[in-house]
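Since the structure comes first, as structure tokens, the remarks are kept for the end.
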Amino acid sequence: MTPRTLFAKIWDAHVVHPLPDGPELLYVDLHLVHEVTSPQAFEGLRLAGRRVRRPELTVATADHNVPTGDRALPIADALAARQVGALAANAREFGIELFDLASPHQGIVHVIGPELGLTQPGMVIVCGDSHTSTHGAFGALAFGIGTSEVEHVLATQCLVVMRPKTMEVRFEGAAASGVTAKDLILALIGRIGTAGATGHVIEYTGEAIRRLSMEGRMTVCNMSIEAGARAGMIAPDDTTFTYLAGRPRAPEGERLTRAVARWRRLKSDDGATYDARVAVDAASVAPQVTWGTNPGMVADITARVPDPAGFASAAERQAVERALAYMDLRPGTPLEGLPIDRVFLGSCTNARIEDLRSAAGVVRGRRVAAGVRALVVPGSQQVKAQAEAEGLDRVFRQAGFEWRNSGCSMCLGMNPDILASGERCAATSNRNFEGRQGRGGRTHLMSPAMAAAAGIAGHLVDIRTWA
Amino acid sequence: MRPFVRHAGRVAALPRVNVDTDQIVPKQFLKRIERTGFAPVLFHDWRYRADGSPDPTFELNQPAAAGASILLAGANFGCGSSREHAVWALREYGFRLVIAESFADIFYANCCQNGLLAVRLVTGEIRELFARHARAAGHYDVVVDLEAQTVVDDAGFRAAFSIAPYHREMLLSGLDEIGRTLLEEDRIGAYERDRDEGRGKGEGW
Ligand code: SF4
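Those protein sequences? They're chains A and B, same order as listed. Per our numbering, the very first residue in the first sequence carries number 1; after that it's consecutive. Per our numbering, the very first residue in the second sequence carries number 1001; after that it's consecutive.
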């Protein structure tokens, strides 16, 4: 048999039928639903008189639009309340399990899927959300879709998809101390650009990837979309199986043993070929921070704000000029030492327990700098509970951080957590687009430890020099 | 879905690369539970100043861009968030197609679902279209023919574009994709039975 990639094994196993003119009908094992991209899909079903084909393979949570303050209070924003209410009504009407604001399992959709053990190797997972790529960390094929496709999956449990191309991204060697999964993925995006992997599914390989925890692998796969990729994936191994064992929705006992035996075969065969290959020397990656208005506008923390004149094409020069104007940065300014106003520790990229531990380690016994407002928003209520059991909430609170309930929060600022115009934020999220965290807000993406340190220092710091 | 066959219209130029869907429809407008009502907020933060008045420097606010139905933009258009609201907003505003050097994958798929044609041309052709648009001070029209897969103007510009046959058919016929998939019921049912009973294709990878 010809050697196949991890991607091809999963894809081939899910093809229901090849359709005329190129695409294939692909079966979906897990469909995750949230309040922002689903109401129009459910409405479409109603209008056509259709049912949800496999409600038991569909799971919903409210995350994007939810307040992160007191959960006992009703949602103040009437439109947000209507949207969250619509999700609850749709879940009831169509028989879908919902983790609502009252649930101890509520959280960001890409945090709770893995945490509950819903996300498993070999699955095809979709969600009306681009960061669905996160779940690829388990050796699943997971990708974001639009609302019309959400409706299609609800109605048919299938999706019509053109087979994407494959790209291997190999992180050779081990990352240096202070360099996290976030730095690896930002460095990659800096190198290949925000459209560098368009049309491709990335498989991450190499020693630095194998050494990552599941949390770290999720961070890497999460930001695959920021490189333009359709999905990111990592072959499952003992790290994966250990993480899954004992999770509420993961197989148990004999079933788990059988599943693990099957999952072990989920890796690219020797000699399998990819459509593209990129190699990154992990040891040479420094802590990263973005300076511009997309995740590809990123540099080593020791670097300076670039000069637009140094870019090759007129389009790039224009884009950099625009970004620097928006970010209020002058070429040549050192990134280290750049003063900040806000810190956001949160999002589906970096708000899992390991991220909070790493940030707490930096702030323990210290105080947030005068004039800086810092926010911790755990990725899920389970992460929050775990952090509280470990006393991390006290560490953050004593340092002057606000400690919130779970949701997307200031990653996109659909809820009241937003930047004011002109505020500069050290953020652990994944997008630094204009206005992403609030109109006129300026976002610098970085790792949790770097963001925490920036909050204490009041400016961007190189975590490697942090004592 | 309204079929797309051929369209002649005014070009609006947005000479920026990496236009993300957060710019096309900012998050504060994603709270609607309808597919409509997004035209007024298309490109909101670029289109309006902080006080709510139109920003006269924004490309779509130029008098010549009034009534434009073809958007010409830089590479990697529609990157970022999967929000289909971006496509709904473009359609409702009156755009029938977007021409760019490249599109982000999810955005491209969303376009096909909504009868918005996304036309990929090569760098030189895009540059030429921007130049012609500038020379005409924005009073620039082209004709896009999906059957012939061409973009032409009346002053000698002609470019051919490629599109996957499936997407082309889908747009030309205004296909109901869900209805089409439901025709495969027998196959889906058979796949599902094997899968659920542990005899699926995934057992043997
Ligand atoms: S945390 Fe941010 S990126 Fe992740 S799902 Fe929520 S809004 Fe999207």
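Note that beta-carbon positions come from the ideal geometry of N, C-alpha and C, so glycine has one too. Since the structure is predicted, the reported quantities are computational estimates derived from the model, not experimental observations.
Classify A/Q288: buried if its beta carbon has 16 or more other beta carbons within 10 angstroms, exposed otherwise.
So A/Q288 counts as buried.
Just checking A/D417 against the ligand NAP - is the residue's beta carbon closer than 7 Å to any of the ligand's heavy atoms?
Questions concerning the ligand NAP fall outside what the structure shown contains, since the ligands it does hold are the ligand SF4.
Can you look up B/G1124 in the DSSP assignment and give me helix, strand or coil?
In the structure shown, B/G1124 sits in a helix (DSSP, three-state: H, G or I).
A/G144 versus A/T134: straight-line alpha-carbon distance, rounded
One alpha carbon belongs to A/G144, the other to A/T134, and they sit about 10 Å apart.
Member of A/R258, A/E203, A/R211 whose CA lies at the smallest distance from the CA of A/A272:
Considering only alpha carbons, the answer is A/E203.
What number of angstroms, rounded off, separates the C-alpha of A/A370 from the C-alpha of A/R51?
Distance between the alpha carbons of A/A370 and A/R51: 55 Å.
For chain A, check one thing: does any of its Cβ atoms lie closer than 8 Å to the Cβ of B/T1181?
B/T1181 counts as touching chain A.
Answer yes or no: does any C-beta atom of chain A fall closer than 8 Å to that of B/E1059?
For B/E1059, not one C-beta of chain A is nearer than 8 Å to its own C-beta.
Every unbroken beta strand (DSSP E) within the segment 1035-1100 of chain B, with a cutoff of 3 residues, ordered by chain:
Counting only runs of 3 or more, we get 1070-1073, 1097-1100.
Run through chain A and tell me which residues come within less than 8 Å of B/Q1113, C-beta to C-beta.
Simply G146, S148, E149.
Buried or exposed by the 16-neighbour rule on C-beta atoms within 10 Å, applied to A/R431:
A/R431 should be labelled buried.
Looking at A/L412 and the ligand SF4, is the gap between the Cβ and the nearest heavy atom below 7 Å?
Of the heavy atoms belonging to the ligand SF4, at least one sits nearer than 7 Å to the Cβ of A/L412.
For A/I225, which residues in the same chain have their Cβ closer than 7 Å to its Cβ, ignoring the five residues on either side in sequence?
Same-chain partners within the cutoff: S130, H131, S133, G144.
Buried or exposed (CB count within 10 angstroms, at least 16 for buried), A/Q398:
Here A/Q398 is exposed: its Cβ has fewer than 16 other Cβ atoms, across all protein chains shown, within 10 Å.
A/P378 versus A/G407: straight-line alpha-carbon distance, rounded:
The straight-line gap from Cα to Cα measures roughly 7 Å.
Cβ of A/A13 within 8 Å of any chain B Cβ
Closer than 8 Å: yes.
Hey, how far is the Cα of B/P1015 from the Cα of B/I1070?
Cα to Cα, B/P1015 sits roughly 13 Å from B/I1070.
A/H131: CB within 7 Å of a non-hydrogen atom of the ligand SF4
Checking the Cβ of A/H131 against the ligand SF4 gives yes.
Go ahead and pull the three-state DSSP assignment for A/E203.
Correct three-state label for A/E203: strand.
For B/A1109, return the contacting residues in chain A, with the cut-off set at a CB-CB distance below 8 Å.
By Cβ distance, chain A contributes I145, G146, E149.
When you compare the CB of B/I1024 with every CB in chain A, is at least one pair closer than 8 Å?
So, not an interface residue.
Could you confirm whether any beta carbon from chain A is found closer than 8 Å to the beta carbon of B/D1045?
So yes, B/D1045 belongs to the interface.
Out of A/A208, A/G400, A/V320, state which residue places its alpha-carbon closest to the alpha-carbon of A/V280.
If we check each option's Cα against that of A/V280, A/A208 comes out closest.
Could you tell me whether the Cβ of A/Y27 comes closer than 8 Å to any Cβ of chain B?
For A/Y27, the answer is yes, since a Cβ of chain B falls inside 8 Å of its Cβ.
Looking at the C-beta of B/A1131, does it have a partner C-beta in chain A at a distance below 8 Å?
Not an interface residue.
Any heavy atom of the ligand SF4 closer than 7 Å to the beta-carbon of B/D1022?
Taken from the Cβ of B/D1022, every heavy atom of the ligand SF4 lies 7 Å or farther away.
8 Å is my cut-off, CB to CB: does A/T156 come that close to chain B?
True, the Cβ-Cβ gap to chain B drops below 8 Å.
Report back the beta-carbon spacing between A/V28 and A/V153 to the nearest angstrom; my notes put them in contact at under 8 Å.
Yes, A/V28 and A/V153 are in contact; Cβ-Cβ is about 5 Å, under 8 Å.
Give the residues of chain A in contact with B/G1124, contact being defined as C-beta atoms less than 7 Å apart.
Under the 7 Å cutoff, chain A gives no residues; its nearest Cβ is about 13 Å from B/G1124.
For B/R1096, collect the residues of the same chain with a Cβ closer than 6 Å to its Cβ; drop the 5 residues on either side in sequence, then sort them by chain order.
If we look at B/R1096 and ignore the five residues flanking it on each side, its Cβ neighbours are H1007, S1069.
N- and C-terminal bounds of the alpha helix (DSSP H) containing A/T239:
Per DSSP, A/T239 belongs to the alpha helix (DSSP H) from 238-244.
For A/E93, is the classification buried or exposed, using 16 other Cβ atoms within 10 angstroms of its Cβ as the cut-off for buried?
So A/E93 counts as exposed.
Tell me which residues share the same chain as B/Y1048 and place their Cβ nearer than 8 Å to its Cβ, disregarding the 5 neighbours each side in the sequence.
Cβ contact annotation for B/Y1048 (same chain, cutoff 8 Å, sequence separation greater than five): P1054, D1055, in chain order.
Going along the chain, which unbroken runs of the alpha helix (DSSP H) with 4 or more residues stay wholly within the segment 10-86 of chain A?
Counting only unbroken stretches of 4 or more residues, the alpha helix (DSSP H) elements lying wholly within the segment 10-86 of chain A are 39-48, in sequence order.
Would you kindly work out how many angstroms separate the C-alpha atoms of B/F1038 and B/R1199, rounded to a whole number?
Cα-Cα distance, rounded: 46 Å.
Strictly below 9 Å CB to CB, what residues from chain B border A/Q83?
Going along chain B in sequence order, the residues near A/Q83 (Cβ under 9 Å) are L1030, K1031, R1032, I1033.
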